[in-house]
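According to this note's numbering, the sequence shown is numbered sequentially starting from 89. No residue lacks a Cβ here, since even glycine has one placed at the ideal position from N, Cα and C. Predicted model only: the values in this text are computed from it and were never measured. Remarks on the structure that follows.
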Amino acid sequence: MRNVGLKISYDGTRYAGWQIQKNAKTVQGVMQDALSMILKGGGKLKASGRTDTGVHAVGQIATFETQSRMTQGQFMMALNSLLPGDIRILDVFAAPIDFHPRYSAKKRWYRYIISNTPVLVPFFRNYSLWVNRDINIPLMNEYCKKIIGTHDFTSFATMTEDDKPQRCVFKCCFIKRNDFITIC
């Protein structure tokens, strides 16, 4: 048995998030179907986290265990040939057998984009939040300083038995470039 790692990118516009749901098209569901075709029913996907409806990912990590002898390149080619164009496998790698994408993760990186224009450009509607008024970037960066560090986010989370409510935020900033503001 070996643990195969995937680095995934997807446009979540057409999906009800990552996690499989009854009566809803999800990224995990589409990927699981493709993986099942390749492995003849095996290979349950585990992911580093879940995304909500319409949320995109650039480098989400997932794994599956298999006894298949396919190479990493063969897995990548096979999966990408079966997946729709809005889901891509960017990399396939050998993961330690005890590696779990969620519990082994050391850090997560999020980026939010604001389209800061008088009128929303339709092309960006699925990839940014539209705000049509001035945003005080220096002030927002001052507020960001208060978020950096370890804090209890219980009020913002759905807790499970294994979850710890404390999170350490390493970086938070607002960067304006032309008509876009990136929160990272």
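From what residue to what residue does the alpha helix (DSSP H) around N229 run? I225 to I235
Reducing DSSP to helix, strand and coil, say where S203 ends up. strand
Between the beta-carbon of K134 and the beta-carbon of R199, is there less than 9 Å? no
By DSSP, does I108 sit in helix, in strand, or in coil? coil
Using the DSSP secondary-structure output, state which residues sit across from S97 in a beta bridge. R176
Terminal residues of the continuous alpha helix (DSSP H) containing G117? Where G117 is concerned, the enclosing alpha helix (DSSP H) stretches over V115 to L127.
Burial state of W106 (16 or more Cβ within 10 Å): buried
Can you give the Cα-Cα distance for T154 and V207, rounded to whole angstroms? Roughly 50 Å between the two C-alpha positions.
Reduced DSSP secondary structure (H/G/I, E/B, other) of Q162: helix
Using DSSP with H/G/I as helix, E/B as strand and the rest coil, what is R190? coil
Distance, Cα to Cα, V209 vs R196? 29 Å
Between the beta-carbon of I96 and the beta-carbon of Q148, is there less than 9 Å? Their beta carbons are under 9 Å apart, which means I96 touches Q148 by this criterion.
Suppose you measure from the CA of L167 to the CA of E230; what does that come to, to the nearest Å? 44 Å
Cα-Cα, which of G93, Q109, M164 and S124 is closest to T139? Nearest C-alpha to T139: Q109.
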